[in-house]
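Numbers in this note's numbering are just positions in the sequence shown, counted from 1, shifted up by 8.
Using N, Cα and C, we set each Cβ at its ideal position, and we do this for glycine too.
In this text the structure is predicted, and so the values were computed from the model without any measurement.
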Amino acid sequence: MAALIANVVGILLCWPLGIVGVVLAIIGLATASSSPGSARKCTLAAWIAFGVGLLISFAMILYWVLAAS
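Printed below as a string of structure tokens:
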């Protein structure tokens, strides 16, 4: 769950918490044996949110580079 929250905040801030979300998602996958169903759903949501945040970040960088030239 912490990975999902970190990634949602990472999408809004477009940088720092996205990496934290990835680390927490990896930890969630490693400890998924205790409650595999909910852990997998939260981890999948965290990875999707990370991907969206990464795409937004790259789009913003591309925009800044093109706007500067």
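Cutting at 8 Å between CB atoms, please list the residues of its own chain near Ile69, excluding the five before and the five after it.
none
If you follow the alpha helix (DSSP H) that Ala76 is part of, which residue opens it and which one closes it?
Pro44 to Ala76
Buried/exposed call for Leu63, threshold 16 Cβ in 10 Å
exposed
When Ala33, Thr39, Ala38 and Phe66 are compared against Leu52, the one with the closest alpha-carbon
Ala33
Consult DSSP for Ala14 and reduce its assignment to one of helix, strand or coil.
helix
Run the CB neighbour count on Ala47, radius 10 Å, all protein chains shown included, and call it buried at 16 or more, exposed below.
buried
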